[in-house]
Every structure is written in structure tokens, then in C-alpha cells.
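K.L.:
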Amino acid sequence: MKHPAVALLHALCVALLFSHDTGAQPQPPCQSEAAKQFDFWLGTWRGTWTQDSETKTALNVVNRSHDGCVVTEQFREDQARGLVGTSVSVWNPRTSQWQQTWVDNQGSYLAFTGGLEGATMTLAREVKTKDGKALRERMRFTDVTRDRFVWFWEQQIDEEKTWTVQWRIEYARVEVAPGAEPLAKLEALAGCWASLTDKREYREHWMRPVGGMMVGMVRQIRDGKAISYEAMRIELDGDGTPVFIARPKGQAETRFRLKEQTADRFVFENSKHDFPRRVIYRVTNTTLDASIEGDRNGKSHGIEFALKRTECQ
Numbered sequence: 024m025k026h027p028a029v030a031l032l033h034a035l036c037v038a039l040l041f042s043h044d045t046g047a048q049p050q051p052p053c054q055s056e057a058a059k060q061f062d063f064w065l066g067t068w069r070g071t072w073t074q075d076s077e078t079k080t081a082l083n084v085v086n087r088s089h090d091g092c093v094v095t096e097q098f099r100e101d102q103a104r105g106l107v108g109t110s111v112s113v114w115n116p117r118t119s120q121w122q123q124t125w126v127d128n129q130g131s132y133l134a135f136t137g138g139l140e141g142a143t144m145t146l147a148r149e150v151k152t153k154d155g156k157a158l159r160e161r162m163r164f165t166d167v168t169r170d171r172f173v174w175f176w177e178q179q180i181d182e183e184k185t186w187t188v189q190w191r192i193e194y195a196r197v198e199v200a201p202g203a204e205p206l207a208k209l210e211a212l213a214g215c216w217a218s219l220t221d222k223r224e225y226r227e228h229w230m231r232p233v234g235g236m237m238v239g240m241v242r243q244i245r246d247g248k249a250i251s252y253e254a255m256r257i258e259l260d261g262d263g264t265p266v267f268i269a270r271p272k273g274q275a276e277t278r279f280r281l282k283e284q285t286a287d288r289f290v291f292e293n294s295k296h297d298f299p300r301r302v303i304y305r306v307t308n309t310t311l312d313a314s315i316e317g318d319r320n321g322k323s324h325g326i327e328f329a330l331k332r333t334e335c336q
């Protein structure tokens, strides 16, 4: 006869053994139908809108992160010194709402809640103005198809019954083939280049293109002292054209659109900028000839840099 404690232990082991395979598995987090309501937004988008009679554009890249639980947005205006922002959105099953937080290069921190209202995704918030009035703000994703949607930013103050449209953006999907790099033809620039003499050192470094962007930098040293530097990047403009963006020390960004391109020569131009007006690269496996051209004091002027491929430092 088994001891009662042994019999109980045996029964528990048998129960555990057969409980492992019940055929019902718990649902993974963030996989409910409600948590997929923002899936239409995933992808790469070009936004277009009109402001002060001027057409403006932006790139908006949206994907899932954190094991698919967070919808992450990266928004960047194509215009110099434009709005750059990030949002994160999650479905909260406890409140049955979407929650979104937005931050940007203007110092904004905005928090929204909401969800689907019919076929329209609406997220809203309410704050107080400086004079104590209730200010309601909302964003609406409307007219949604696979490749297009319209986004509205609207406001309502106090007891107003109508919403005032502050911003209307038309979005179109940018198709990127799996594994394709839109700046692949510019990859010849990638690497480290230098012009070295006894008293002067000029170095230009370019990272290879990934995700539609190349990032570069320049540093000049004379007599052992750093005299200048420049931050650079190449990305796609609103119409898909590569644009070279330069920000020298102490200056604002300047944008140059790609005007000419061969396998070993790239010409970027900004016709509204006096100097430089053009940035030109000629590249081989071992050399990079970089030059800038334009008008200075009413006269044509140019500067050339003859660089050789070198080890990255």
C-alpha cells in the first residue's frame, strides 16, 4: 500500500504530464485583431501638403518593433530645418484604446488616445490654453487604401462644435523592393578618403547606404589643430531624387539635388545657393576627386580636393 503522500505526488505528476499538451496555446501578446488596426500604416510613405502657397514634402517610415507590440513612426520633412519627429503607438487591451506618444525637434511632447471610428483611425488629446480654455486636438487617418491615405490635424476650442483643420497631408506609399537599396548607385562613395600633407589633413568619411540614407563627415586639420568640420548625408527627396545635405561648422543645412549621375560621377546642385552651387564627386576604386563650384563676389569660383582611399580612423 502506498503512503498517502506518495500517492498524491504520483497523481500530481500524472496531471502535469498530460496538461502540457492540451491543444490550446495562449495567444501571443499584441496579436489580437484590435492590435492590428494600425497595420495599414506600416511601410514607407511620401507626404505632400501646401503651406503658404508652397508645396512641401516629407518622408514617413513606419514599422513594428518590440516583438511587434509597438508601431514606430519616423517623420522627416524634406525641407531644410523642417520638422523631424518620432511617435510610438501601442494597443492597450486594458482600456481598449490606442495610445500614442509623439516627440520632435521642436521640443514637443504630445500624448494621444483613441481608435477606429468607423473606417477612420482617430487619436485625440485635450489640454488647457494659456488663458485656461479647453483645447482639443486630434489626428485622423481617412480615405485609407493600400497605397494612399489622407491625414488631418484638427483643433477645437472650448464649446465650439466644429473642428478646424490645421494641417492636411496626402500620403502615397513608396514601394521598396525587398532587399533593394534606393541609394545603391551611390555606394561608390562609401569609405574613408584623405588628402595628407605635412601641415594639412583633410579627411572625408562616408558610411555605405542603408535604409535610403548615407551619412558622412569631413574634418580638416592644419598644423595639428582642427579648423573645420562638416556633417553630411544623402537621402531621398520628396519625389525620390537623391539629395546631398551639408551642414558645415556654425552654418545651417543646405540641400543639393542630384542633377547628373554616371557610374563614377555624381553632380548635386542648388541653383538658389550662390556658393557652392554644385557639389561634384568623381570616384574610382582608389581615388575621390571632390569639388565645389559657384559664384563668389560675382565671379565663378571653384575648390577641388584630390583624395585617396585610406584606412578609416
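Under this note's numbering, think of the first position of the sequence shown as 24, with each following residue one higher.
Cβ coordinates follow ideal geometry from the N, Cα and C atoms, glycine included.
Predicted model, so just to flag it, every value in this text is computed and none were measured.
Where does phenylalanine 298 fall in DSSP's three states?
P.N.:
DSSP places phenylalanine 298 in coil when its eight states are reduced to three.
K.L.:
Relative to the C-alpha of arginine 163, which candidate in Glu77, Leu212, Phe61, Asp246 has its C-alpha closest?
P.N.:
It is Phe61 whose Cα lies nearest to the Cα of arginine 163.
K.L.:
For glutamate 276, does the three-state DSSP call read helix, strand or coil?
P.N.:
Correct three-state label for glutamate 276: coil.
K.L.:
Is the segment 257-266 touching the segment 79-91 in the sense that three or more CB pairs, one from each, lie closer than 8 Å?
P.N.:
The segment 79-91, when compared against the segment 257-266, does touch it at the 8 Å Cβ threshold.
K.L.:
Considering only their Cβ atoms, is the gap separating phenylalanine 298 from phenylalanine 279 smaller than 8 Å?
P.N.:
Contact flag unset, no.
K.L.:
In whole angstroms, give me the CA-to-CA distance for glycine 155 and phenylalanine 135.
P.N.:
Straight-line Cα distance between these residues: approximately 20 Å.
K.L.:
Residue range of the beta strand (DSSP E) that leucine 106 falls in?
P.N.:
Premise fails: leucine 106 is in no beta strand (DSSP E) and is neither H nor E.
K.L.:
Can you tell me which residues form a DSSP beta bridge with isoleucine 192?
P.N.:
According to DSSP, isoleucine 192 bridges with Trp174.
K.L.:
Only counting the same chain, and skipping five residues up and downstream in sequence, which positions put a Cβ closer than 7 Å to that of threonine 45?
P.N.:
Because threonine 45 sits at a pLDDT of 46, beneath the cut-off of 50, its placement in the model cannot be relied upon, and the point is left open.
K.L.:
Mind checking which residues open and close the beta strand (DSSP E) that includes aspartate 318?
P.N.:
Unbroken beta strand (DSSP E) run through aspartate 318: 310-319.
K.L.:
Quick check: the Cα distance between aspartate 221 and arginine 69, rounded to an integer number of angstroms?
P.N.:
One C-alpha to the other measures close to 48 Å.
K.L.:
Lysine 79 by DSSP, collapsed to three states: which one?
P.N.:
Note: lysine 79 maps to strand in three-state DSSP.
K.L.:
Which partner residues does alanine 269 have in the DSSP bridge list?
P.N.:
Its beta-bridge partners are Met255, Thr277.
K.L.:
Classify glycine 235 as buried or exposed, calling it buried when 16 or more other Cβ atoms lie within 10 Å of its own Cβ.
P.N.:
Its Cβ being crowded by 16 or more others within 10 Å, glycine 235 is buried.
K.L.:
Quick one: grab the DSSP three-state call for phenylalanine 328.
P.N.:
Strand at phenylalanine 328.
K.L.:
Are there 16 or more other CB atoms within 10 angstroms of the CB of threonine 145, so buried, or fewer, so exposed?
P.N.:
So threonine 145 counts as buried.
K.L.:
In whole angstroms, what is the alpha-carbon distance linking serine 314 and tryptophan 174?
P.N.:
One C-alpha to the other measures close to 42 Å.
K.L.:
Just the Cα atoms here: how many angstroms apart are aspartate 75 and glutamate 96?
P.N.:
Spanning the two alpha carbons is a distance of roughly 26 Å.
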